[in-house]
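Residue numbering for the sequence shown follows my numbering, beginning at -6 and increasing consecutively. Ideal Cβ placement from N, Cα and C applies to all residues, glycine included.
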Amino acid sequence: MVSSILLARVLGVEGRGIFASWVILGSAAGGAALFGLHLYAGRAAAQEPKAVKDIYKRVFTTALYPISIAWLLLFVLFMVKDLDGGLTSWALACAFVAFSVFNAIQVQVEISRNSLKTYALARGSFAIFNLIGIASVYVLFASTPLNYFWALVLTAASGAAITYWAIGETIRDVTTKWSSTKTPFASLLDAKKDGMATLMVALATIADRLFVTLLFSAVNLGNYVVAMSIAQLQSLFSEAMAPLFFARMSALKEDDKLDKDWLAMRIRQSTIVNVMSGLLTFCASFFAIPILFGPEFNGAIGLACFLIPAFALKAIMRPFEEALKGLNKSLQQSFGLIIWFSAFVILCIPALIFDNVYYIAAAMVGAGLIGVLTMASLLKKLIQIRLTDMLVPRKSDFNGLIREITRKGA
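This is the structure:
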């Protein structure tokens, strides 16, 4: 959040939009390049924790194939959009893709083997290095979008390297081989279910910004990403907690019994927190945007009124996604995200007709409602649990949250 404020203050509306366009296209290509390999590796590490060193080595090698394809995709997108920065910005975006993929694999594997300290280090190091990089450019170099993109890529590289070193310290003496003997291509085929789900997750995460990048001006994109940065504040909890649903579900073996009551309670509590966070963020946005980002971003306030409830709905949807992934039902998750994406594309048609970016933000709200109901229905059918048990809060959920927040050591 601090880095977003600094970038907006220094670059202005248009410069912020130019910088965002590079990051958004790089993130879209990175999501495609990941191809479910982080989930494939995470599931393997949860089932064979003593073979984690060999899992890392072989999955990293396999990841080089989809990364190479993503670089070609990026080249096409940069040429079609005729983005500022030319080949330099394209090369930096390619590096950003590679480091992002490797770091995503590391983070998921560490979560799956319950190495939460390394997971926290990966998250924290990226935030710290990002802030240091932006501050360094501001003090030492010209404040241009390209220089800040250099800082972001170096941040991704530093975060990945620090995490890699920390992981190496914990698995130095691990010598057990992974039971799988498949080639990289066979591993990609094995990961195809997760790959489709990952691609749809990437689209669900970035579809709105990708549409704004490709269809509207840098000024519109600058206002949009500022509104989004405010809206995303409420997602901090859901993004931190959602992977734990995957870890809990993926650790289940065939003869293990799923604790439906625990799963339903945690989903309801997550929903409560997300709704409360959304309401607080909505109320704060009217004065937070002009104070934090400057009066030239007043155009972002109206967008935030749509994006805040949209991100609240996406946050509510996340535990359902992670539970489906953990239960190795990525095809169901993919189907749910296809429904979400289809609804979003249809609802975006007015934005094309009237050339108004507000319709993109409104489409996010409508697609979010459809997405939550679809994901909840898929999980309900899979584990035979009522929708009301997962979506309707109970008094005991509030009491449980209060006890967890106020207990000693919390």
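Excluding residues up to 5 positions away in sequence, MET189, ALA190 and MET193 lie with their Cβ nearer than 7 Å to the Cβ of SER327 in the same chain.
The residues GLY329 and ILE332, in chain order, have a CB closer than 6 Å to that of THR367 in the same chain once the five nearest residues on each side in sequence are set aside.
When C-alpha distances from GLN262 are compared across ALA308, ALA220, ASN140 and ASN107, the shortest belongs to ALA308.
The count of Cβ pairs closer than 8 Å, one atom from the segment 41 to 50 and one from the segment 78 to 93, stays below three, leaving the stretches out of contact. Between PHE12 and PHE142, the gap from beta carbon to beta carbon is short of 8 Å. In the structure shown, the three-state DSSP call for LEU76 is coil. For CYS276, the enclosing alpha helix (DSSP H) begins and ends at 253 to 286. Taking the Cβ atoms as the reference, GLY393 lies roughly 39 Å from TYR351, outside the contact range of under 8 Å. Per the C-alpha coordinates, the member of PHE209, GLY117 and ALA154 positioned closest to PHE347 is PHE209. Between the segment 106 to 114 and the segment 61 to 77 there are fewer than three inter-stretch CB-CB distances shorter than 8 Å, so the stretches are not counted as touching. Here the C-alpha atom of LEU273 lies approximately 10 Å from the C-alpha atom of ILE301.
Selection ASN349, SER270, GLY271 and ALA369 evaluated against ARG311 yields ALA369 as nearest (Cα-Cα). The segment 251 to 258 and the segment 374 to 391 touch, with no fewer than 3 CB-CB distances between them shorter than 8 Å. Segment contact: the segment 89 to 100 against the segment 25 to 36, three or more CB-CB distances shorter than 8 Å; contact assigned. Residue range 292 to 319 is occupied by the alpha helix (DSSP H) that includes GLU314. Pairwise C-beta distances place the segment 332 to 343 in contact with the segment 351 to 362, as three or more of them are shorter than 8 Å. A check of alpha carbon separations from ASN213 across ALA91, PHE89, ALA293 and LEU70 identifies ALA293 as the nearest. If you draw a 10 Å sphere on the C-beta of THR55, you find 16 or more other C-beta atoms in it, and that means buried. For ASP201 and SER20, the gap between their C-alpha atoms comes out near 13 Å. Counted as a single uninterrupted DSSP element, the alpha helix (DSSP H) harbouring ASP183 occupies residues 177 to 183. Its chain contains PHE92, PHE95 and ASN96 as the residues whose beta carbon lies nearer than 6 Å to that of ALA153, once the 5 sequence neighbours on both sides are disregarded; these appear in chain order. For secondary structure counted as the alpha helix (DSSP H) over 4 or more consecutive residues, the segment 13 to 76 holds these complete runs in sequence order: 30 to 40 and 45 to 74. Taking the C-beta atoms as reference points, LEU285 is found no nearer than 8 Å to ILE104. According to the DSSP assignment, LEU330 belongs to the alpha helix (DSSP H) that extends over 323 to 340. Following the DSSP letters along the chain, one finds LEU362 inside the alpha helix (DSSP H) bounded by residues 351 to 376. Following the DSSP letters along the chain, one finds GLU162 inside the alpha helix (DSSP H) bounded by residues 138 to 163. Relative to the Cα of ASP254, the nearest Cα in the group SER270, ILE395, LEU384 and LEU4 belongs to LEU384.
Secondary structure note for ASN216: its alpha helix (DSSP H) is the uninterrupted segment 211 to 224.
Counting only residues of its own chain and dropping the five nearest sequence neighbours on each side, ALA354 has a CB closer than 6 Å to the CB of LEU296, PHE299 and LEU300. Linking PRO283 to PHE304 through their CA atoms gives a straight-line distance of about 21 Å. Counted as a single uninterrupted DSSP element, the alpha helix (DSSP H) harbouring ALA128 occupies residues 109 to 133. In the structure shown, SER173 falls within a coil segment according to DSSP collapsed to helix, strand and coil.
Going by DSSP, THR168 is part of no alpha helix (DSSP H) at all; its letter is neither H nor E.
Contact between LEU66 and ALA22 holds, since their C-beta atoms are separated by about 5 Å, short of 8 Å.
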